[in-house]
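J.: Going by the numbering used here, the sequence shown opens with residue 88, and the numbers climb by one from there. All C-beta atoms, glycine included, are put in the ideal place defined by N, C-alpha and C.
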Amino acid sequence: MQLKPMAEFKTCCAGPKATFSLETAAAPKKIKPPEVAVFIATLAAWWLVYQSLLPVARYLTYDLIGLTPGSHLADAVEFFIYDTPKVLMLLTIVVFGVGIINSFFTPERTRRILAGKKETLGNVLAAFLGVATPFCSCSAIPLFIGFVTAGIPLGVTFSFLISAPMVNEVALVLLYGLLGWKVAAIYMGTGILIAMVAGWVIGRLKMERHIEGWVTEIRAAEAPVESGAQTLRDRVRYGLDAVKDIVGKVWKWIVLGIAVGALIHGYVPENFLAAIMGKEAWWSVPIAVLIGIPMYSNAAGMIPIVQALLEKGAALGTVLAFMMSVIALSLPEILILRKVLRVRLIATFVGVVGLGILIVGYLFNMII
88 MQLKPMAEFK TCCAGPKATF SLETAAAPKK IKPPEVAVFI ATLAAWWLVY QSLLPVARYL
148 TYDLIGLTPG SHLADAVEFF IYDTPKVLML LTIVVFGVGI INSFFTPERT RRILAGKKET
208 LGNVLAAFLG VATPFCSCSA IPLFIGFVTA GIPLGVTFSF LISAPMVNEV ALVLLYGLLG
268 WKVAAIYMGT GILIAMVAGW VIGRLKMERH IEGWVTEIRA AEAPVESGAQ TLRDRVRYGL
328 DAVKDIVGKV WKWIVLGIAV GALIHGYVPE NFLAAIMGKE AWWSVPIAVL IGIPMYSNAA
388 GMIPIVQALL EKGAALGTVL AFMMSVIALS LPEILILRKV LRVRLIATFV GVVGLGILIV
448 GYLFNMII
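Given below as structure tokens:
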């Protein structure tokens, strides 16, 4: 009996479509060695530039510009020259890496993961999923509509919408790089806890009737099936596009935040901030939250301000409460949500999240 070549082998119990050919089977695309070398060289260059930022900043401040060491202006200028490229470089490499990760989490895939889950499990899953997804408060309306029409419970939707902008993966890495892993871990843990509990409470209140009628009338279209698996090169391109999109949008806010941080670092006396935002001032946490709500900034833009406040003696819990209120309860986000939520539901959202932020502020002022 003569065996046929493997290239002509056909599986049994199958029609012509089941034909398998070693010659025609699509082999996975591989990254070529020169591309790997370029990638490694780029990372090495980034690291060398990053390590040289502090001596360059000191040279520019004291040798080139000629400012007097120890003066208020010199401290502010050095802070600005050093932190601006440092934060932007950290942001760029983090967004690139997170962009590759986020290529696995499209909005439609996120909706499919959350749809159909039990509400309590959904709150936990939504809060953690919010950390890994690149959605900011600007995306509140389309995300809210998409989640509601996909059949996701209201409380689960709020857990995601609280976690996604507040426990931002970029902010976590920047917090780790600038303030250490303890502050980053505290921020992530408390942010996720607030998102889970706030979403669970809102879900228990059964406030679906306070969603604007036009939202509930929308019928969710069936999620399109994603065509084909993306190659590694596609995901690298996705990461580069994320850098262009995200860094291109937020760099102005970051520079503005660093400028504010530089002014605080150079000119605001330590005793003043310690008195206003220190542990001893019981009213510092609610004042920080009230000040933060009218403001608008993304998480990355807040990091330099947080760093400067902590260096000047502000209490960690108060600073975390201030940062969380700016990001999770900003007035622009509330105005955007008014288009899809009625006033009572918005007030409940602000009250529940605000109470969680106050508890976090007081708790960490007590234990740290």
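#1: Should G276 go down as buried or exposed, given a rule of 16 or more other Cβ atoms within 10 Å for buried?
#2: By Cβ distance, which residues of its chain are closer than 7 Å to T155, with the 5 residues on each side in sequence left out?
#3: Within its chain, find whatever has a CB closer than 7 Å to the CB of T171; leave out the 5 residues flanking it on each side and keep chain order.
#4: Would E299 and V427 qualify as a contact pair, given that the criterion is a beta-carbon distance under 8 Å?
#5: Straight-line CA distance for I414 to L141?
#6: Who are the Cβ neighbours of G290 in its own chain at under 8 Å, not counting the five residues just before and after it?
#7: Counting pairs of Cβ atoms below 8 Å between the stretch 132–146 and the stretch 167–181, do you hit three or more?
#8: Just tell me which of K293, H159 and S139 has its CA closest to the CA of F436.
#9: Quick one: what does DSSP say A329 is sitting in, helix, strand or coil?
#10: Tell me, please, which residues DSSP counts as bridged to I298.
#11: What's the gap between the Cα of R324 and the Cα of A214?
#12: Mind checking which residues open and close the alpha helix (DSSP H) that includes W268?
#13: So F167 packs on A349, CB below 8 Å; how close in whole Å?
#14: Determine whether the beta carbon atoms of V254 and I279 lie at a separation below 8 Å.
#15: Under the rule that 16 or more other beta-carbon atoms within 10 Å means buried, what is W287, buried or exposed?
#16: State the CB to CB distance for the pair G217 and A282, rounded to an integer number of angstroms; the pair is presumed to be in contact (CB under 8 Å).
#17: On the criterion of 16 or more Cβ atoms from any shown chain inside 10 Å, does T148 qualify as buried, or is it exposed?
#18: Name the residue from A251, G153 and Y137 whose alpha carbon lies nearest to the alpha carbon of L175.
#19: Short check: CB of V439 to CB of L407, under 8 Å?
#20: If the criterion is Cβ atoms closer than 8 Å, does the pair L432 and V372 meet it?
#21: Give the secondary structure of A219 by DSSP, where H, G and I count as helix, E and B as strand, and everything else as coil.
#22: Give the C-beta separation of G335 and G186 to the nearest angstrom, bearing in mind that I take them to be a contact with Cβ-Cβ under 8 Å.
#23: Determine the direct distance from the alpha carbon of E420 to that of H352, and round the result to whole angstroms.
#24: Considering L466, what are the terminal residues of the alpha helix (DSSP H) in which it resides?
#25: Apply the 10 Å Cβ neighbour rule to V125 and answer buried if 16 or more other Cβ atoms are within range, or exposed otherwise.
#26: Since V376 and G443 are thought to touch, with beta carbons under 8 Å apart, how far apart are those beta carbons, to the nearest angstrom?
#27: Report the residue ranges of all alpha helix (DSSP H) runs contained in full by the stretch 393–449; include only those spanning at least 4 residues, in chain order.
#28: From L450 to W369, what does the alpha carbon distance come to, in whole angstroms?
#29: Which word fits A329, buried or exposed, when buried means at least 16 other C-beta atoms lie within 10 angstroms of its C-beta?
#30: Quick one: grab the DSSP three-state call for S457.
#31: Does DSSP put A81 in a helix, a strand or coil?
#32: Helix, strand or coil, according to DSSP, for F166 in the structure here?
#33: Less than 8 Å between the beta carbons of I380 and S417, yes or no?
#34: If I measure Cβ to Cβ from R425 and keep anything under 8 Å in the same chain, skipping five residues before and after, which residues do I get?
T.: The short version:
#1: exposed
#2: A161
#3: V342 and I345
#4: yes
#5: 29 Å
#6: E206, N210, P240, L241, G242, V243 and F245
#7: yes
#8: K293
#9: helix
#10: L428
#11: 28 Å
#12: W268 to R291
#13: 4 Å
#14: yes
#15: buried
#16: 6 Å
#17: buried
#18: Y137
#19: no
#20: no
#21: coil
#22: Their Cβ separation, rounded to whole angstroms, is 13 Å, which puts G335 and G186 out of contact at 8 Å.
#23: 29 Å
#24: As displayed, the chain neither begins before 88 nor continues past 455, which places residue 466 out of reach and without an answer.
#25: exposed
#26: V376 to G443, Cβ: 11 Å. No contact.
#27: 403–415 and 418–424
#28: 12 Å
#29: buried
#30: Limits of the chain in this structure are 88 at one end and 455 at the other, which puts residue 457 out of reach.
#31: With the chain covering only 88 through 455, there is no way to say anything about residue 81.
#32: helix
#33: yes
#34: I433
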